[in-house]
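There are 2 protein chains.
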Amino acid sequence: MAGLGLRRVPTQSRREHVAEILRDAITSGRLAPGDRLIELDLAAELGTSRAPVREALRQLEQEGLVVSYPYRGSEVLGVSQDEVEQVLVPIRITLERFAFKKALSTLTPQDLETLQTLVDEMEETARAGAAEELADADIRFHELVITRSEQRHCLQMWKTIQPRVRAYFRRDAPAHSDPAYVARQHQHLLDVIRTGDEAAVLDAVEQHIHIHLEPATEPEGGEHGE
Amino acid sequence: MAGLGLRRVPTQSRREHVAEILRDAITSGRLAPGDRLIELDLAAELGTSRAPVREALRQLEQEGLVVSYPYRGSEVLGVSQDEVEQVLVPIRITLERFAFKKALSTLTPQDLETLQTLVDEMEETARAGAAEELADADIRFHELVITRSEQRHCLQMWKTIQPRVRAYFRRDAPAHSDPAYVARQHQHLLDVIRTGDEAAVLDAVEQHIHIHLEPATEPEGGEHGE
DNA sequence: CGACAGACGATTGTCGACAGTCGCTCGTAT
DNA sequence: ATACGAGCGACTGTCGACAATCGTCTGTCG
Chain A
1 MAGLGLRRVP TQSRREHVAE ILRDAITSGR LAPGDRLIEL DLAAELGTSR APVREALRQL
61 EQEGLVVSYP YRGSEVLGVS QDEVEQVLVP IRITLERFAF KKALSTLTPQ DLETLQTLVD
121 EMEETARAGA AEELADADIR FHELVITRSE QRHCLQMWKT IQPRVRAYFR RDAPAHSDPA
181 YVARQHQHLL DVIRTGDEAA VLDAVEQHIH IHLEPATEPE GGEHGE
Chain B
1 MAGLGLRRVP TQSRREHVAE ILRDAITSGR LAPGDRLIEL DLAAELGTSR APVREALRQL
61 EQEGLVVSYP YRGSEVLGVS QDEVEQVLVP IRITLERFAF KKALSTLTPQ DLETLQTLVD
121 EMEETARAGA AEELADADIR FHELVITRSE QRHCLQMWKT IQPRVRAYFR RDAPAHSDPA
181 YVARQHQHLL DVIRTGDEAA VLDAVEQHIH IHLEPATEPE GGEHGE
């Protein structure tokens with residue numbers, strides 16, 4: 001548990017912070033599958049007591065990033081390629097198709113503005129080669145739309161799927177998609193959203209998520225539904 | 001919070017029991033959407049301290065049965081018909097298709113035996129009109145197969161999907177499927193599993209889950225309309 | 001009569017201490 | 001040597017107390 005770069009947090013919602021920090025550590029690869037997570041150590045490292053740590057671990061357990069065995073502790077959990085490709089990604093598509101459809105009617109002009117900002121941010125980070133920040137913007141983009149769909153279960157499930165997918169690609173399938181392409185994809189998605197054409201949006205969403213699985217489809221110069 | 005039928009538990013894994021009891025109370029409808037869940041009250045009712053209750057609430061929150069707002073408590077969450085039909089059920093199909101496929105090669109003869117026992121149990125409870133027990137057997141059937149698939153994420157996600165679906169049908173869409181038909185469906189599914197024909201199994205799984213949504217489709221004349 | 005700051009009550013969030021459980025080590029008998 | 005079981009650490013599980021926060025009630029002032 002040494003040197004994870006975890007830092008103490010001031011007085012504020014502890015549990016959330018602990019969960020966030022651990023999630024970061026896992027999805028970024030600082031914590032690898034099989035690593036044990038000792039409550040006392042984590043608590044000490046984060047400058048809190050075990051209570052918030054325990055709750056964070058429970059949460060991560062439900063997010064599938066951690067497994068815990070009664071009286072025997074928790075450890076970081078990995079994902080198999082099969083599960084990602086045949087379960088997590090298809091589920092993510094189901095979720096996002098539904099959420100984007102619902103969100104179409106509730107997205108405000110200001111939301112669209114925010115989304116555009118995120119896309120711009122993506123382009124910038126893509127140019128700068130900041131993969132981590134790109135992924136963050138990517139997540140915020142999707143999370144905003146799903147939040148606006150006002151489907152609580154969708155959002156809740158998305159939050160448990162997305163970290164696993166991210167952790168998987170980060171660890172086991174190093175970035176194969178061209179950052180600039182990801183940015184363009186989002187721009188396209190946003191453009192389609194602006195048209196309000198439901199069928200087109202659903203198509204774009206599905207393709208957009210699929211690109212993670214088929215890296216070869218359009219590295220540069222491809223003509224796929226863009 | 002009065003009279004939920006909650007009972008004190010002896011010394012054993014508390015958190016799990018609390019979660020189980022609350023989940024039962026919610027899926028069975030004793031707790032309705034919007035009901036507030038006060039940690040202190042629940043703890044008192046269950047004869048434990050707040051710690052296990054809190055963890056159980058976190059777990060139920062991740063299972064989508066409960067929402068909680070910081071410093072303002074938790075309440076039971078409902079599901080919309082849209083979400084069940086367009087999100088939860090499709091996801092369940094994705095999960096189970098994958099899990100059943102994986103499980104085909106790992107199911108032992110003894111597992112098949114157990115499954116047969118469960119199907120027999122279903123027939124019995126169907127005759128007795130014990131809807132609750134029927135649903136329990138149903139769940140155990142699926143859970144066993146998914147467990148044998150040895151896909152942890154599948155099992156974990158299934159456990160978070162299934163209670164919501166159950167709660168929904170219990171509360172908002174009273175049993176429209178003929179109990180005897182459910183039992184026969186499982187018998188059929190089990191028979192197909194025994195043949196080991198992967199494609200056939202996947203078909204059977206998908207149809208089997210779909211029946212919840214389309215009550216009207218019954219192959220041969222069982223018109224015991226609930 | 002209505003807006004607003006402060007106090008209050010109800011509940012959640014956090015903490016430190018203690019109890020329970022698991023795996024392993026080490027001595028002992030066979 | 002091997003098998004067995006008591007003892008020991010290292011943790012997790014649970015508890016009761018205390019701190020922080022939110023919504024509301026209330027009294028005051030404009």
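From first to last, the protein sequence lines stand for chains A and B. Using UniProt numbering, the letters of the first sequence map in sequence onto residues 1 to 226. Using UniProt numbering, the letters of the second sequence map in sequence onto residues 1 to 226. Note that CB positions come from ideal geometry on N, CA and C, so glycine has one too. The structure presented is a predicted model; accordingly, all values stated were derived computationally and were not measured.
In this structure, DSSP gives A/VAL67 an extended state, which the three-state scheme calls strand. Here A/GLN110 is exposed: its Cβ has fewer than 16 other Cβ atoms, across all protein chains shown, within 10 Å.
Counting every other CB atom within 10 Å of its CB across the protein chains shown gives B/GLU45 a total of 16 or more, marking it as buried. The three-state reading of DSSP puts B/GLU75 in strand, counting E and B together. For B/SER13, the closest Cβ of chain A is nearer than 8 angstroms. Residue nearest to A/SER13 within the set A/THR195, A/GLU96, A/THR48 and A/LEU40 is A/THR48 (criterion: CA-CA distance). Distance check between A/ALA131 and each of A/ILE211, A/ARG170, A/TRP158 and A/GLY73 places A/ARG170 closest, using alpha-carbon atoms only. Exposed is the label assigned to A/GLY129, since fewer than 16 other Cβ atoms lie within 10 Å of its Cβ.
With a cutoff of 8 angstroms on beta-carbon distance, B/LEU57 and B/VAL67 are scored as not near each other. Counting along the chain, A/ASP35 sits inside no alpha helix (DSSP H), nor does DSSP assign it H or E at all.
Taking 8 angstroms as the threshold, the shortest C-beta distance from B/ILE21 to chain A does not fall below it. B/HIS186 places its beta carbon less than 8 angstroms from that of B/VAL119.
Residues of chain B whose Cβ lies closer than 8 angstroms to the Cβ of A/PRO90 are, in chain order, THR94.
Chain order gives the chain B residues near A/THR160 as GLN62, MET157 and THR160, where near means a beta carbon separation below 8 angstroms. In this structure, the CA atom of A/GLU121 is about 24 angstroms from the CA atom of A/LEU202. Chain-order list of chain B residues neighbouring A/GLU83: PHE98, GLN151, ARG152, HIS153 and CYS154, by C-beta distance under 9 angstroms.
Not one beta carbon of chain B lies nearer than 8 angstroms to the beta carbon of A/ARG166. In the same chain as A/VAL205, and ignoring 5 residues on each side of it, the C-beta atoms closer than 6 angstroms to its own belong to GLU96, ARG97 and PHE100, in chain order.
The CB of A/VAL79 comes closer than 7 angstroms to the CB of HIS153 in chain B, given here in chain order. Cα atoms of B/ALA135 and B/GLU61: separation of roughly 22 angstroms, rounded to the nearest angstrom.
B/VAL76 is positioned such that its CB atom lies no closer than 8 angstroms to that of B/ASP138.
Within the stretch 35-57 of chain A, the residues whose Cβ lies closer than 9 angstroms to some Cβ of chain B are ALA51, ARG54 and GLU55, listed in chain order. B/LEU202 sits in a helix when the DSSP states are folded into three classes. Residue environment: B/HIS210 is assigned as exposed (fewer than 16 neighbouring CB atoms within 10 Å of its CB, all protein chains considered). In summary, no residue of the stretch 187-198 of chain B has a CB separated from any CB of chain A by less than 8 angstroms. Cα atoms of B/GLY78 and A/ALA19: separation of roughly 26 angstroms, rounded to the nearest angstrom. Counted as a single uninterrupted DSSP element, the alpha helix (DSSP H) harbouring A/ILE26 occupies residues 14-27.
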